[in-house]
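Notes to accompany the following structure.
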Amino acid sequence: MRRWTKGMRDAFFDSLFSLAVKDKNLLLLTSDTGAICHDNFREELSAQYMNVGIAEQNMIGVASGLALSGKKIYVYGIVPFVTMRCYEQIRIDLCCMDLNVTIVSIGAGLDYSTLGPTHHGYEDISLMRSLPPMKIYSPSDSLIADFICRNSYKEKGPKYIRLDRTGFPLLYKRQEDIKFARGFSLLKEGKDVCIIATGRIVYNALQAAKKLSEFGIDSGVIDIFRIKPINAGGLWEAVRKNKVVVVLEEHFLHGGLGSAVSEIISQKPCAPLLKLLGISDFCNEYGNRKQLQALNSLDPLTVAHQIKDIFKNGKK
Numbered sequence: 356m357r358r359w360t361k362g363m364r365d366a367f368f369d370s371l372f373s374l375a376v377k378d379k380n381l382l383l384l385t386s387d388t389g390a391i392c393h394d395n396f397r398e399e400l401s402a403q404y405m406n407v408g409i410a411e412q413n414m415i416g417v418a419s420g421l422a423l424s425g426k427k428i429y430v431y432g433i434v435p436f437v438t439m440r441c442y443e444q445i446r447i448d449l450c451c452m453d454l455n456v457t458i459v460s461i462g463a464g465l466d467y468s469t470l471g472p473t474h475h476g477y478e479d480i481s482l483m484r485s486l487p488p489m490k491i492y493s494p495s496d497s498l499i500a501d502f503i504c505r506n507s508y509k510e511k512g513p514k515y516i517r518l519d520r521t522g523f524p525l526l527y528k529r530q531e532d533i534k535f536a537r538g539f540s541l542l543k544e545g546k547d548v549c550i551i552a553t554g555r556i557v558y559n560a561l562q563a564a565k566k567l568s569e570f571g572i573d574s575g576v577i578d579i580f581r582i583k584p585i586n587a588g589g590l591w592e593a594v595r596k597n598k599v600v601v602v603l604e605e606h607f608l609h610g611g612l613g614s615a616v617s618e619i620i621s622q623k624p625c626a627p628l629l630k631l632l633g634i635s636d637f638c639n640e641y642g643n644r645k646q647l648q649a650l651n652s653l654d655p656l657t658v659a660h661q662i663k664d665i666f667k668n669g670k671k
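Just remember that my numbering sits 355 ahead of the position in the sequence shown, which is counted from 1.
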């Protein structure tokens, strides 16, 4: 696996800062989160930075007013607080008026593992997918986090970007290989199984594919970095020749990436066998991320064995 790198949050906000230096209409609003990656905004661009306090609902209202005055707004907070706590405000203030506000969340999936269910983020994709104009981006490493920041900056309308805190191996070699308009990347080709994932757990998908090769199963891996609008035609062309398609996500099974993929594949004749692997309907316990992934059968080894069983049973 390639070298370890800084976290995608740091990469994203380094990129955002460089954009803000050139665009005085770009403002960053936070809800009393003291991320070190915001220090450059606080110290060098204080007129473009606002801490509204622990008041996420109010933050969305403030963001809406600023957007109506022509500003390009980014709001930042922890996943459950910046999505669930202020969902009505996002729906009415942002989406109904199709305003140019980007919600940047931290703590996707089980990222805030040891802080428990109050800080876990496994419902956000389903919530944001239900809002008609909302675009959803979910990077898997720091390279594509930077890429998404720079490219989504050019887009209009409400956007939701879910980030992870920690550093981990780079999954991409260079940004030139990423096709922003396509919305996904084929990281590994495979003729038997295709594993579709998003965010941090794409790493687990690649590790599982490596293990599956030891079982004689040739597995591909697709990273969906734009969940909405999903590229239905392109994704179907990428998976239609596989025998089995598996969606792997650190999210509840209902309404997440698996549901989005199901909506595509279920409408196709002679489609591959589809299996969804994610978090069951319960609030997780406390533990580190590896422990919680294992508890939910999302660790690479367990994923590989599940896919092996699915593939063998599907061939019967």
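By construction, the Cβ of each residue, glycine as well, lies at the ideal position given by its N, Cα and C atoms.
Given the structure is predicted, the values throughout are model-derived calculations rather than measurements.
Between the Cα of residue i and those of the options, spot the shortest distance and give me the residue it belongs to.
| i | options | result |
| --- | --- | --- |
| aspartate 453 | Cys504, Tyr515, Asp394, Lys566 | Tyr515 |
| threonine 457 | Gly432, Ser468, Met439, Arg397 | Gly432 |
| isoleucine 551 | Ile582, Lys663, His609 | Ile582 |
| serine 495 | Asn643, Gly362, Gln444, Arg440 | Gly362 |
| glycine 545 | Phe535, Arg520, Asn597 | Asn597 |
| aspartate 636 | Tyr477, Tyr527, Gly571, Lys427 | Tyr477 |
| arginine 446 | Ile461, Gly416, Pro435 | Gly416 |
| isoleucine 665 | Ser652, Asn559, Val600, Ser493 | Val600 |
| aspartate 394 | Gly420, Asp365, Gly512 | Asp365 |
| serine 621 | Ala587, Asn643, Leu542 | Ala587 |
| valine 376 | Phe396, Thr388, Asp387, Ile391 | Phe396 |
| phenylalanine 523 | Lys509, Leu541, Ser507, Tyr558 | Tyr558 |
| glycine 575 | Leu542, Leu603, Val602 | Leu542 |
For the putative contact between residue i and residue j, defined by C-beta atoms under 8 Å, what is the C-beta separation to the nearest angstrom?
| i | j | result |
| --- | --- | --- |
| methionine 414 | cysteine 450 | The Cβ separation is near 16 Å, so there is no contact. |
| valine 594 | leucine 567 | At roughly 16 Å, the Cβ-Cβ gap does not stay under 8 Å, so valine 594 and leucine 567 are not in contact. |
| isoleucine 499 | phenylalanine 539 | The Cβ separation is near 11 Å, so there is no contact. |
| serine 481 | phenylalanine 607 | 7 Å |
| leucine 629 | serine 617 | 6 Å |
| glycine 633 | arginine 555 | Actually they do not touch by this definition, with Cβ atoms about 13 Å apart. |
| tyrosine 429 | leucine 383 | 5 Å |
| serine 370 | cysteine 504 | 4 Å |
Hey, how far is the Cα of residue i from the Cα of residue j?
| i | j | result |
| --- | --- | --- |
| proline 487 | glycine 611 | 15 Å |
| glutamine 562 | aspartate 466 | 19 Å |
| glycine 589 | serine 468 | 34 Å |
| arginine 517 | lysine 667 | 35 Å |
| serine 373 | phenylalanine 502 | 13 Å |
| glycine 658 | lysine 426 | A small fix is needed here, since residue 658 is valine in this sequence, not glycine. Roughly 45 Å separates the two Cα atoms. |
| leucine 400 | asparagine 406 | 13 Å |
| arginine 537 | leucine 650 | 34 Å |
| tryptophan 591 | isoleucine 585 | 11 Å |
| leucine 526 | glutamine 648 | 20 Å |
| lysine 623 | serine 424 | 45 Å |
| glycine 571 | lysine 565 | 10 Å |
| leucine 421 | threonine 473 | 30 Å |
| threonine 521 | isoleucine 533 | 22 Å |
| asparagine 573 | proline 627 | At residue 573 the sequence reads aspartate, which differs from the asparagine that was named. The straight-line gap from Cα to Cα measures roughly 15 Å. |
| lysine 528 | aspartate 387 | 35 Å |
**Request:** Check whether the segment 402-422 touches the segment 433-447, taking contact to mean three or more Cβ pairs, one atom from each stretch, closer than 8 Å.
**Result:** yes
**Ordered list of beta strand (DSSP E) runs contained in the segment 406-434, each at least 3 residues** = 427-433
**Asked** Whole alpha helix (DSSP H) runs in the segment 583-622 with 4 or more residues, listed along the chain?
**Response** 587-594, 612-620
**Message:** I'd like the ranges of any alpha helix (DSSP H) spanning at least 4 consecutive residues and lying wholly in the segment 438-484.
**Reply:** 479-484
**Message:** Report the start-end ranges of each alpha helix (DSSP H) in the segment 495-554 that is 4 residues or longer and not cut off at the edges.
**Reply:** 497-507
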